[in-house]
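Here's the structure we're looking at; comments come further down.
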Amino acid sequence: MKPLDAVHVYLIDLQDRICAALAAADGGACFVQDDWQRPEGGGGRTRVLKNGAVFEQAGVGFSEVTGNTLPASATAHRPELAGAPWRALGVSLVIHPGNPYVPTTHANVRYFEARPEGRDPVWWFGGGFDLTPFYPFDEDVRHWHQVAQHLCAPFGTARYAEHKAWCDRYFFLKHRNECRGVGGLFFDDLNDGDFEQCFAYQRAVGDGFLEAYLPLVEKRKDTPHGEREREFQLYRRGRYVEFNLVWDRGTLFGLQSGGRTESILMSLPPRVRFEYGYRPEPGSAEARLAEYLTPRDWLAG
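Numbering (this note's numbering), first residue to last: 1 to 301.
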């Protein structure tokens, strides 16, 4: 099987498995599938679960798209590829639970291939997963990072620390001077070593997501909450919107490359609120979140 075909088969299966597991965690809710084609080349299938018992909205999308010229967001760090035809495959998901005590989460695994004129094809992998709690629990954050550390272990002693730090840097709202959440893993432009080694790491990250996330859902989905917690959740979702529309390279790439807007913006929460000058009450559970929005070694001690 050709490398590109192997990635395709894996990603299609990953989307199937993640959707099946999330539907089961929600009590049997159904994803609605939206198949689409892109005029410039390629297409995908976007699956969305709405108003479930656990998940207010969960979107899991697969795409395989092509183009004749890489957009600026993809060549900012690789100017030598400007103007090259390209192909991109990926699975991306964002989950917005209904209960404020269940964290929001995002995961993505992707493969890029560019074919600059007169040169060999250039390929790389990217992806990761990160967690955005509103009412964080130390044991939940440790579990999340323990899974990340464990899946990184076969790929070198430095892999977890490097990609954890990369996640902290990437999911950072510079205009707010705070992290989007408690991090996880993030990597891009991965092509060191051979293809099989890099592909194996992508699979480890993709397969590790459910192991990291589902136990948190099961533990927190029935936690009692009221209007105060819900209003804080909706307010903090605003930070998610800010990051995705201002800083996220994937959103910019999708829009600049003529991608399907509805699928690109499925990452946004179904309900959100903004409030000018909001400050949580000092000493409150809401104020406590700020302690978690700075890079930290969650596995120390």
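A virtual CB, placed ideally from N, CA and C, is assigned to each residue, including glycine. These figures come from a predicted structure and were not determined experimentally.
Do the CB positions of residue i and residue j come within less than 8 Å of each other?
i    : j    : result
S92  : G61  : yes
W298 : V102 : no
Q149 : H96  : no
S63  : S263 : yes
P136 : Y292 : yes
N99  : T294 : no
R47  : Q37  : no
F55  : D26  : yes
L11  : G59  : no
G317 : V65  : Here the chain has residues from 1 to 301 only, and residue 317 is not among them.
F31  : L49  : yes
Y240 : T105 : no
Would you give the residue range spanned by the beta strand (DSSP E) that residue i belongs to?
i    : result
Y111 : 104-114
T66  : 55-67
V32  : 32-37
Got a sec, what are the start and stop residues for the alpha helix (DSSP H) residue i sits in?
i    : result
A23  : 3-25
F134 : From DSSP, F134 is part of no alpha helix (DSSP H); its letter is neither H nor E.
R87  : No alpha helix (DSSP H) contains R87, which is instead part of the beta strand (DSSP E) from 86-97.
K164 : 159-170
T46  : First-last for T46: 42-50, but that is the beta strand (DSSP E), not the alpha helix (DSSP H).
A285 : 285-288
E281 : First-last for E281: undefined, no H or E at that position.
Among the options, which residue has its Cα nearest to the Cα of residue i?
i    : options                : result
E139 : Q33, D16, T261, A212   : A212
P314 : A53, R180, G226        : The question about residue 314 has no answer here: the residues shown for the chain are numbered 1 through 301.
E117 : T104, R47, P85         : P85
A300 : N51, A161, E178, F274  : A161
R296 : E178, R260, V65, M1    : E178
G184 : A114, H163, L289, A158 : H163
W363 : Y201, T251, R176, K174 : Given that the chain is displayed from residue 1 to residue 301, the structure contains no residue 363 and the question cannot be resolved.
V122 : F209, Y276, V147, L4   : L4
D194 : F155, V182, E231, F232 : F155
L314 : Y276, D248, H145, E275 : The structure shown has nothing for residue 314, since the chain only spans 1 to 301.
G44  : A287, E227, G254       : G254
R279 : G250, F232, F243       : F232
N68  : F274, L11, A114, F199  : A114
A88  : A287, G250, A290       : G250
C304 : R159, A29, E242, A290  : This structure cannot speak to residue 304, because the chain is shown only from 1 to 301.
W166 : R176, V182, H175       : V182
F243 : A53, D35, R176, K221   : R176
V147 : E196, L210, V246       : L210
G28  : G52, H225, V9, E196    : G52
A287 : T157, L252, E229, W144 : E229
Task: Three-pair Cβ contact test at 8 Å for the segment 107-125 versus the segment 193-205 - done: Yes, the segment 107-125 touches the segment 193-205.
Task: Given 8 Å, three or more beta-carbon pairs between the segment 268-279 and the segment 215-229 - done: At 8 Å Cβ cutoff, the stretches do not touch.
Task: Segment contact, 8 Å Cβ cut-off, at least three pairs: the segment 182-197 with the segment 115-133 - done: The segment 182-197 is in contact with the segment 115-133.
TODO: Give a yes or no on contact between the segment 273-289 and the segment 157-173, applying the rule of three or more CB pairs nearer than 8 Å.
DONE: Counting C-beta pairs with one atom in each stretch, the segment 273-289 and the segment 157-173 have fewer than three that are closer than 8 Å, which means they do not touch.
TODO: Pair every Cβ in the segment 233-249 with every Cβ in the segment 17-27, then say whether three or more of these pairs are closer than 8 Å.
DONE: No: the two stretches stay apart, fewer than three of their Cβ pairs being nearer than 8 Å.
Open item on the list: Please give the ranges of any alpha helix (DSSP H) in the segment 188-251, keeping only runs that are unbroken, at least 4 residues long and fully inside the region.
Closed with: Runs of the alpha helix (DSSP H) spanning 4 or more residues and lying entirely within the segment 188-251 occur at 195-220, 227-246, in chain order.
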